[in-house]
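Residues are numbered in this note's numbering as their position in the sequence shown, beginning at 1, plus a constant of 422.
By construction, the Cβ of each residue, glycine as well, lies at the ideal position given by its N, Cα and C atoms.
Read the structure below first, then the notes.
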Amino acid sequence: MSQTKQPTNTGALATLVIVFFFWGFIAASNSILIPFCKTHFSLNQFQSQLIGSAFYGAYFIGSLLLFIVSNVFGYDILNKIGYKKGIIYGLWISVAGALLIIPSANANSFPALLGSLFVVALGFSLQQTSAQPFAIALGDPATGSHRLNLAGGVNSLGTTLGPIIVSFFLFGSVGAEVAEVTITNINTLYLIVAGVFAAVALFFAFSKLPEGKNDERFEKANKAAGSLLLMTGVILAIILVGQFTDIAKLPLLLLVLVSVVAILFWSNASATRNSEGWGAMRYQQLIYGMLGIFVYVGVEVTIDNNFGALLKTPGYLTEAGLDESEISHYISLYWGSLMIGRWTGAIGVFNLSTMGKRIATIVVPFIAFAVVLFANYLKGNDVSDLYAYSFVVILMIIAFFYGQEKPVKTLLTVATLGTVAMLIGVFTKGIVSVYAFMAGGLCCSVMWPSIFALSVAGLGKYTSQGSAFLIMMILGGAVIPPLQGAVGDMDAIGMQYSYLVAAACFAFLAYLAIKQRSVLKAQGLDFDSQVGGGH
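So this is what it looks like as structure tokens:
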């Protein structure tokens, strides 16, 4: 079935991607806040990681509340107010949370600080739930993944430049050490953060962005609400069991993972038999997308969260293992790899000739690679052992040409390559293994936009509801990383072999890509046949 193509609203898209940059910028400030809190509040490693749990938990709870309230009142809140106002309200919520961090830090209350961060992330949840489908709606749905790649590339630029910008404002230089952070520094940082988000909110309020409303009749989705509340109840019950018993973390985390996957597959089967009451979850592509986002976010975060511990392991890269000061440029290039891939994936947004696209697909990745190296150089890192990573970038370029800007083919390709990369990382040593794990960033780079665009395809009036469900599944970032960590703590396995968890995640994502293709084809939505030429 051929879909009528619509031109991209480039002016509105340029305005929208601004907020994506500042999400990356905030991620940089969190990298400073975590070690500060660990020292200032005398926390152990697990307690300091609760900062990340507060963020991921807020995405889940925020998206769940948005859906439940919409379902209770009988109208889709985002469809009613529009994506534009959804972003603006989300920005103001984040402003409030950033300002709350200041008295929380001054009162030396870590729980209050976590609560304040939770509020910041609640705002992020609303912003992302609005911004993701908004980007898709600003042009042809078949090329929505390219617009999300552009937005994601800008987000990654914020993550890459963020540490430099934050260090400059806090310390007056780009090479300051985290150990110098004080309460006064934190106050300064979050005053800046609040001011920036307030400015962006005002900019959006007075911009000429379309409202992004949908006035179609809302149908309650009580069965979907029951399924998601069941998932929430099961997760909370498992957490409580872990708090009040001596059961090891690994089986509990496995139980959470299995429960989420099982409930979603059960929902899929039930909605297929009778779609009434399931809302957006009546669409199989959304269910598979929810599974995809859960696993994708989990694998993207777990590669990084456990990478530092692996690099410090004696006998892995060096006989004694690396110390803290020697690992930052490897971790930086992992996140920089996401920027390299997203910049390349965003080329499809621009109205280039066929030859222009081919040239850009070769040149842009190396420009992004140079930006990552230069950012590390400014921070004082020795980057000489990263130059050979250019060969990995070349392999990614070949994969992009093979993917042909087709979301399903691209997702299947990078998921397969991610599986292979993790296996190479597990079964080799030295810099080859390090490069293989860092290449996971390249493979993850275009997954979010591909999964998201495919998952909301054909949802119509359920698009904003489906978006909320997808954002909810960022929860995977709170489950899969500690699961891999628990596997790595087992003497019989160790940290390097724990990356078999990441390999399994990529393999599952390849399976989901195949399922998405068959489901969408059955609905006449064969994006891989529609995308590939000029558009």
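Using the C-alpha atoms, what's the distance from residue j back to residue i?
{"i": "Leu833", "j": "Phe626", "result": "32 angstroms"}
{"i": "Asn577", "j": "Ile715", "result": "17 angstroms"}
{"i": "Lys943", "j": "Gln706", "result": "12 angstroms"}
{"i": "Phe822", "j": "Leu624", "result": "38 angstroms"}
{"i": "Pro736", "j": "Ala742", "result": "5 angstroms"}
{"i": "Tyr799", "j": "Val805", "result": "7 angstroms"}
{"i": "Ala861", "j": "Ala792", "result": "16 angstroms"}
{"i": "Ser547", "j": "Phe482", "result": "8 angstroms"}
{"i": "Leu652", "j": "Leu658", "result": "10 angstroms"}
{"i": "Ile785", "j": "Ala768", "result": "In the sequence on display, residue 785 carries Val and not Ile. Straight-line Cα distance between these residues: approximately 13 angstroms."}
{"i": "Val656", "j": "Ile936", "result": "29 angstroms"}
{"i": "Thr835", "j": "Leu864", "result": "12 angstroms"}
{"i": "Thr766", "j": "Asn528", "result": "43 angstroms"}
{"i": "Val678", "j": "Ile503", "result": "35 angstroms"}
{"i": "Ser759", "j": "Gly910", "result": "24 angstroms"}
{"i": "Glu633", "j": "Phe928", "result": "37 angstroms"}
{"i": "Val622", "j": "Ile762", "result": "26 angstroms"}
{"i": "Phe495", "j": "Leu795", "result": "51 angstroms"}
In the structure shown, what three-state DSSP assignment does residue i receive?
{"i": "Glu722", "result": "helix"}
{"i": "Phe556", "result": "helix"}
{"i": "Ala879", "result": "coil"}
{"i": "Thr740", "result": "coil"}
{"i": "Ile715", "result": "helix"}
{"i": "Leu631", "result": "coil"}
{"i": "Ala529", "result": "coil"}
{"i": "Ile473", "result": "helix"}
{"i": "Asp562", "result": "coil"}
{"i": "Ile614", "result": "helix"}
{"i": "Tyr481", "result": "helix"}
{"i": "Ala518", "result": "helix"}
{"i": "Glu827", "result": "coil"}
{"i": "Thr667", "result": "coil"}
{"i": "Ala914", "result": "coil"}
{"i": "Gln945", "result": "coil"}
{"i": "Gly446", "result": "helix"}
{"i": "Trp700", "result": "coil"}
{"i": "Ile490", "result": "helix"}
{"i": "Ser464", "result": "coil"}
{"i": "Thr835", "result": "helix"}
{"i": "Val868", "result": "coil"}
{"i": "Ser812", "result": "helix"}
{"i": "Tyr497", "result": "coil"}
Leaving aside the five residues before and after residue i along the sequence, list all residues of the same chain whose C-beta is less than 6 angstroms from its C-beta, in chain order.
{"i": "Leu947", "result": "Ala879 and Gly880"}
{"i": "Gln945", "result": "Gly880"}
{"i": "Phe477", "result": "Ala543"}
{"i": "Val719", "result": "Ile896, Gly898 and Gly899"}
{"i": "Val517", "result": "Ala616, Phe619 and Ala620"}
Tell me which residues share the same chain as residue i and place their Cβ nearer than 7 angstroms to its Cβ, disregarding the 5 neighbours each side in the sequence.
{"i": "Ile448", "result": "Val615"}
{"i": "Ser424", "result": "With a pLDDT of 43 at Ser424, under the threshold of 50, the modelled position of that residue is not reliable, and no figure is offered here."}
{"i": "Val439", "result": "Leu572, Ala573 and Val576"}
{"i": "Leu686", "result": "Ile709, Met712 and Leu713"}
{"i": "Gly955", "result": "Residue placement at Gly955 cannot be trusted, given a pLDDT of 33 that sits under 50; what the coordinates show is reported in the next sentence. Within the same chain, Gly955 has no close Cβ partners at all."}
{"i": "Ser422", "result": "What is shown of the chain runs 423 to 957, which leaves residue 422 out entirely."}
{"i": "Ile490", "result": "Ala647"}
{"i": "Leu934", "result": "Tyr710, Leu713 and Gly714"}
{"i": "Phe463", "result": "Phe532"}
So residue i and residue j are in contact, right, with Cβ under 8 angstroms, and what is the actual spacing, rounded?
{"i": "Ile515", "j": "Gly545", "result": "3 angstroms"}
{"i": "Gly699", "j": "Ala643", "result": "6 angstroms"}
{"i": "Lys671", "j": "Pro904", "result": "7 angstroms"}
{"i": "Val721", "j": "Ala924", "result": "5 angstroms"}
{"i": "Leu631", "j": "Ala436", "result": "Their Cβ separation, rounded to whole angstroms, is 10 angstroms, which puts Leu631 and Ala436 out of contact at 8 angstroms."}
{"i": "Leu500", "j": "Thr551", "result": "7 angstroms"}
{"i": "Val868", "j": "Arg780", "result": "With a Cβ gap of about 18 angstroms, Val868 and Arg780 do not count as contacting."}
{"i": "Pro871", "j": "Ser649", "result": "That pair is no contact at about 26 angstroms."}
{"i": "Tyr857", "j": "Val814", "result": "6 angstroms"}
{"i": "Ala932", "j": "Thr841", "result": "7 angstroms"}
From the beta carbon of residue i, is the nearest beta carbon of chain C less than 7 angstroms away?
{"i": "Ile473", "result": "Within the model displayed, chain C is absent; a lone protein chain is all it includes."}
Between residue i and the rest of its own chain, which residues show a CB-CB distance below 8 angstroms, the 5 nearest in sequence each way excluded?
{"i": "Ser475", "result": "Ala900"}
{"i": "Leu536", "result": "Leu472, Ile473 and Ala476"}
{"i": "Gly664", "result": "Lys671 and Leu674"}
{"i": "Ser681", "result": "Met653, Val656, Ile657 and Ile660"}
Exercise. Per the contact definition of three or more C-beta pairs closer than 8 angstroms, is the stretch 825-840 in contact with the stretch 605-625?
Worked result: Too few Cβ pairs lie closer than 8 angstroms, so no.
Exercise. Touch check for the stretch 686-704 and the stretch 721-733: three-plus C-beta pairs under 8 angstroms?
Worked result: Touching, no.
Exercise. At a cut of 8 angstroms, does the stretch 842-852 reach the stretch 911-928 through at least three beta carbon pairs?
Worked result: Enough Cβ pairs lie closer than 8 angstroms, so yes.
Exercise. Is it a yes or a no for the stretch 662-680 touching the stretch 506-514, going by three-plus beta-carbon pairs under 8 angstroms?
Worked result: At 8 angstroms Cβ cutoff, the stretches do not touch.
Problem set entry | Stretch-stretch touch, CB-based, cutoff 8 angstroms, three pairs: the stretch 748-766 with the stretch 921-941 | Of all C-beta pairs linking the stretch 748-766 to the stretch 921-941, fewer than three are shorter than 8 angstroms, placing the two stretches out of contact.
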